[in-house]
Amino acid sequence: MVKVKINGKEYRVKEMQFGEYAKMEEQGFSIIDAFRKKQLLLIAMGFTCVAADCDREEAERLITQHVLGGGNVVDITNAFAEAVSESDFFQKMLGATQAETPKARKTEEDSKDQKRED
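Its first residue numbered 326, the sequence shown is counted upward by one per residue in this note's numbering.
Here is the structure:
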């Protein structure tokens with residue numbers, strides 16, 4: 326079970342399956358495309374829909390308030406990455422068995438940037 330704090334409230338997200346995947350895609354975007362294109366804001370919005378059991382409009386409001394209150398969208402996408410790592414279904418759907426999650430990619434990119442600077 327993954328815990329994520331959004332706008333000061335902690336949500337617990339059980340292992341994500343088909344229903345959670347469908348809820349994310351019902352918001353008008355492809356989670357696979359968002360994942361592949363590293364569209365972190367869409368991923369955060371979709372994951373917030375699942376975590377807070379709300380629609381896109383409410384998720385956008387929650388994330389806006391989260392950021393205005395000093396929160397970071399990366400915290401939400403990192404929680405999504407953790408949830409993906411705990412879900413065989415999401416790993417297969419997103420191709421995470423061959424590719425890293427958004428959090429892992431960011432860490433890898435930072436390492437490459439650091440090596441170029443050296």
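Don't be surprised by glycine CBs; every beta carbon is placed ideally from N, CA and C.
Predicted, not measured: the structure shown is a model, and the values here were computed from it.
Distance check for residue j and residue i, CA to CA, integer angstroms please.
| i | j | result |
| --- | --- | --- |
| Lys-339 | Ile-388 | 20 Å |
| Val-398 | Gly-420 | 23 Å |
| Thr-422 | Gly-394 | With a pLDDT of only 45 at Thr-422, under 50, the local geometry of the prediction cannot be trusted, and the value read off the model is given with reservation. When rounded, the distance between both Cα atoms is 35 Å. |
| Glu-350 | Arg-337 | 20 Å |
| Gly-371 | Ile-401 | 10 Å |
Consult DSSP for residue i and reduce its assignment to one of helix, strand or coil.
| i | result |
| --- | --- |
| Glu-340 | coil |
| Glu-350 | helix |
| Lys-362 | coil |
| Asn-403 | helix |
| Met-326 | coil |
| Ser-410 | helix |
| Gly-371 | helix |
| Ala-377 | coil |
For residue i, tell me which candidate among the options has the shortest Cα-Cα distance.
| i | options | result |
| --- | --- | --- |
| Phe-354 | Gly-344, Gln-342, Ile-368, Met-341 | Ile-368 |
| Asp-380 | Gln-352, Met-341, Glu-335 | Gln-352 |
| Val-329 | Lys-348, Glu-407, Gly-344, Ala-359 | Glu-407 |
On the DSSP bridge assignment, give the partners of residue i in chain order.
| i | result |
| --- | --- |
| Lys-334 | Ile-331 |
Can you tell me whether residue i is buried or exposed, with buried defined as 16 or more other CB within 10 angstroms of its CB?
| i | result |
| --- | --- |
| Met-341 | buried |
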